[in-house]
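Here is the structure we will look at.
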């Protein structure tokens, strides 16, 4: 793969088509490949069309994502918009300092994991701030993070046909 990429870049093309550029590489080599692709894009202003099943490639390199299924474009836009359009919830991860009343957390959101001291909840996107405030006010929280649903789960929703109506 490295020699093929080297040969392809000899003339500093303005458009690169890369099909699964990190497939078969170990973790360190994958990151080096991503770094190289990013630097090439920044240095030469090249358009890079990347096909990949590796979500780390997408989250690290893509500004625009086109999701295609059987020749049909299911989504075309920013990666952040993909998450907000198809994931109607956010993930709240909480670390508790005390187990008292831990079961009451189920009233705040859908519990994904409850293994003291860690609790992971799924809450509606619009209710995230209220849920976080409620957790902080009513539970002995030592740490709290709010995250997007993992991109793998979002893509899975897209391919399962759970497309929201526009």
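Residue numbers (my numbering): 1492 to 1657. Idealized CB from N, CA, C, for every residue including glycine.
- Leaving aside the five residues that flank residue 1596 on each side, the residues in its chain whose CB is nearer than 8 Å to its CB run, in chain order, 1585, 1602, 1605, 1610, 1612, 1626, 1630.
- Where residue 1555 is concerned, the enclosing beta strand (DSSP E) starts and stops at 1555-1560.
- Note: residue 1569 is bridge-paired with 1555 in the DSSP secondary-structure output.
- Ranked by how close their Cα comes to the Cα of residue 1576, the residues 1504, 1499, 1639, 1542 have 1639 in first place.
- Per DSSP, the continuous alpha helix (DSSP H) segment holding residue 1627 begins and ends at 1619-1629.
- For residue 1527, the enclosing alpha helix (DSSP H) begins and ends at 1518-1535.
- Rounded to whole angstroms, residue 1571 and residue 1533 show a C-alpha spacing of 21 Å.
- In the DSSP assignment, residue 1634 is bridged to 1586.
- Non-local C-beta neighbours of residue 1521 in its own chain, meaning closer than 6 Å and more than five positions away in sequence, comprise 1513, ordered along the chain.
- Taking the Cα of residue 1497 as reference, the smallest distance to any Cα among 1531, 1541, 1645 is reached at 1531.
- The continuous beta strand (DSSP E) containing residue 1540 extends over residues 1538-1542.
- DSSP lists 1560 as the bridge partner or partners of residue 1563.
- When DSSP states are grouped into helix, strand and coil, residue 1607 belongs to the coil group.
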